[in-house]
Amino acid sequence: MSDDARARGLGLCSRCHVRKASLRLDYARMSLCDECFVKFVERKVERTLEEYKMIERGDKLLLALSGGKDSSALLHIIKSLAPDVKLTCLHIDLGVEGFSEQCRSKAEELAGQEGVELEVVELRSFLGCTMSELASRRRKACSPCGLARRYILNYYGNLWGATKIATGHNLDDVLAVLWDLYVAGDLLQAVRLQPVTKHAHPKALSRIKPLIELTDFELKAYADIKALPYSPAQCPLGRESKLNKRKKLIDAIESMRPSFKHTFFKTHVKRVSPLLGPLLMARATDWRSCAKCGMPSKGEVCGMCRLKEDLKKG
Ligand code: AMP
Ligand code: ZN
56 MSDDARARGL
66 GLCSRCHVRK
76 ASLRLDYARM
86 SLCDECFVKF
96 VERKVERTLE
106 EYKMIERGDK
116 LLLALSGGKD
126 SSALLHIIKS
136 LAPDVKLTCL
146 HIDLGVEGFS
156 EQCRSKAEEL
166 AGQEGVELEV
176 VELRSFLGCT
186 MSELASRRRK
196 ACSPCGLARR
206 YILNYYGNLW
216 GATKIATGHN
226 LDDVLAVLWD
236 LYVAGDLLQA
246 VRLQPVTKHA
256 HPKALSRIKP
266 LIELTDFELK
276 AYADIKALPY
286 SPAQCPLGRE
296 SKLNKRKKLI
306 DAIESMRPSF
316 KHTFFKTHVK
326 RVSPLLGPLL
336 MARATDWRSC
346 AKCGMPSKGE
356 VCGMCRLKED
366 LKKG
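Quick note, my numbering runs 55 ahead of the 1-based positions in the sequence shown.
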């Protein structure tokens, strides 16, 4: 039993009623032992996969393995739930000094442990520079980083013949972004944020988020109980700082109103999106093919090709 559990006097596990509980999930009104918690997490992912039909017969998955707790847990869970699914992992070495080295080595260690193929792509080979170099030239490094990660995943997914890209985005990640979108009234971007996203372009692979109903707390606990290799480091370029502030705000609401997060998520997916989605999507700009690289683009030239041009100019 963890010190936290002892301090909180959690008592016996609410599921097995035999072992001592090691953690508390207020939203589910349960205290669970390690074994029952692991089953609870895996069952939840299984239900998410089924409910949103995330993995279908014949799918080839490209799993985006960052070396962090979420995608490490995702790989381990998918391998246990669907051992026969065709899967390859891709790690993007962003070249952030003092951060990316550990992420890469943990991703390599886990892939070896799980017996899966891992491709490592260095951002430098795409952009001609690392994220650390880019950050020293530009004040805002986060949006080009996100753009490059999305592009590279899609690019390799196509190259490898993947049908879907699986990422480790969790409930807290998604709600932090949704919060800002709702506050700004950007409902089009909000309704695009879904457990499964599809774009009408042959090279835009469908994306699935099997961990979308699990929190940061649950995924860290899962990865720790299972002793999965992962890097706990946060990006020093500040990628997570704005997101973390939103997460803290939402955590504060959750502590006053347990299950707020799950309600927010369900309302978004089951109520708001079906109502507004068809209306807003009709107004959205169609995807076209980038005149330079042929990848999906909203304009004549895609964001990645424009970024490369900008960097060449200095
Ligand atoms: P983040 O935006 O860092 O919260 O990452 C969300 C998800 O994107 C992770 O769970 C991964 O699936 C994927 N991802 C992020 N960074 C990388 C990376 N360097 N290489 C591969 N996948 C990544
Ligand atoms: Zn392009």
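Where is the CB? At the ideal position from N, CA and C, for every residue including glycine.
- Supposed contact pair Ala231 and Ile305 - C-beta distance, whole angstroms, cut 8 Å: The count along the sequence shown starts at 1 and reaches residue 305 at position 250. The count along the sequence shown starts at 1 and reaches residue 231 at position 176. Contact holds; Cβ gap of about 7 Å.
- If you draw a straight line from the alpha carbon of Pro250 to that of Ile267, how long is it in whole angstroms? Working through the sequence shown from its first residue, we reach residue 250 at position 195. Working through the sequence shown from its first residue, we reach residue 267 at position 212. Looking at the two C-alpha atoms, the distance is approximately 6 Å.
- Message: Taking 6 Å as the limit between beta carbons, can you name the residues of its chain near Lys134, skipping five residues before and five after?
- Response: In the sequence shown, residue 134 corresponds to position 79, counting from 1. Cβ within range, chain order: Glu169.
- When every heavy atom of the ligand AMP is checked, does at least one fall within less than 8 Å of the C-beta of Ile110? In the sequence shown, residue 110 corresponds to position 55, counting from 1. False, no ligand heavy atom lies under 8 Å from that Cβ.
- Message: Between the alpha carbons of Val93 and Lys161, how many angstroms are there, rounded?
- Response: Residue numbering aside, residue 93 sits at position 38 when the sequence shown is read from its first letter. Residue numbering aside, residue 161 sits at position 106 when the sequence shown is read from its first letter. In this model, Val93 and Lys161 are separated by some 21 Å (Cα to Cα).
- Could you give the uninterrupted runs of the beta strand (DSSP E) lying entirely in the stretch 162-231, keeping only those of 3 residues or more? 173-177, 219-221
- Query: What residues in its chain sit with their C-beta under 6 Å from that of Leu149, if we drop five residues either side in the sequence?
  - Reply: Here the question's residue 149 lines up with position 94 in the sequence shown. Within the same chain, Leu149 has close Cβ partners Ser155, Leu178, Met186.
- Item | Cβ pair Val96, Leu226 closer than 9 Å | Numbered from its first residue, the sequence shown carries residue 96 at position 41. Numbered from its first residue, the sequence shown carries residue 226 at position 171. Not a contact, by the Cβ cut-off of 9 Å.
- Query: Taking all protein chains shown into account, do 16 or more other C-beta atoms lie within 10 angstroms of the C-beta of Cys71, making it buried, or fewer, making it exposed?
  - Reply: Position 16 of the sequence shown, counting from 1, holds the residue named residue 71. Classification of Cys71: exposed, given that the 10 Å Cβ count is below 16.
- Task: With a threshold of 16 other CB atoms inside 10 Å of the CB of Ser198, please say whether the residue is buried or exposed.
- Result: Counted from its first residue, the sequence shown places residue 198 at position 143. Under this definition Ser198 is an exposed residue.
- Out of Val151, Gly66, Val171, point me to the one whose CA is closest to Cys184's CA. Here residue 184 refers to the residue found at position 129 of the sequence shown. Among Val151, Gly66, Val171, the Cα nearest to that of Cys184 belongs to Val151.
- Query: From Gly167 to Trp234, what does the alpha carbon distance come to, in whole angstroms?
  - Reply: Translated into positions along the sequence shown, residue 167 becomes position 112. Translated into positions along the sequence shown, residue 234 becomes position 179. In a straight line, the C-alpha of Gly167 is about 37 Å away from that of Trp234.
- Coarse secondary structure for Val140, derived from DSSP in three states: Working through the sequence shown from its first residue, we reach residue 140 at position 85. Three-state result, Val140: coil.
- How big is the Cα-Cα spacing for Glu172 and Thr218? Counting from 1 along the sequence shown, the entry for residue 172 is found at position 117. Counting from 1 along the sequence shown, the entry for residue 218 is found at position 163. Spanning the two alpha carbons is a distance of roughly 17 Å.
- Message: Using 8 Å as the cut-off, can you tell me whether the stretch 202-219 makes contact with the stretch 108-127, which would need three or more C-beta pairs spanning the two stretches below that distance?
- Response: yes
- Message: I need the straight-line Cα distance from Arg204 to Arg74, nearest angstrom please.
- Response: The residue given as residue 204 occupies position 149 in the sequence shown. The residue given as residue 74 occupies position 19 in the sequence shown. The straight-line gap from Cα to Cα measures roughly 43 Å.
- Message: Give me the DSSP bridge partner(s) of Thr252.
- Response: Stepping through the sequence shown from its first residue, residue 252 is reached at position 197. Answer is Arg262.
- Pairwise C-alpha distance: Lys368 and Thr103: For the purposes of this step, residue 103 is taken as residue 48 along the sequence shown, with counting starting at 1. For the purposes of this step, residue 368 is taken as residue 313 along the sequence shown, with counting starting at 1. Rounded to whole angstroms, Thr103 to Lys368 spans 46 Å at the Cα level.
- Looking only at C-alpha atoms, which of Arg343, Leu129, Leu248, Gly66 sits nearest to Thr322? Counting from 1 along the sequence shown, the entry for residue 322 is found at position 267. Checked all of Arg343, Leu129, Leu248, Gly66; the closest Cα to Thr322 is Leu248.
- Residue from Glu174, Pro351, Ser286, Cys357 with nearest C-alpha to Cys158: For the purposes of this step, residue 158 is taken as residue 103 along the sequence shown, with counting starting at 1. Measuring from the Cα of Cys158, the nearest candidate turns out to be Ser286.
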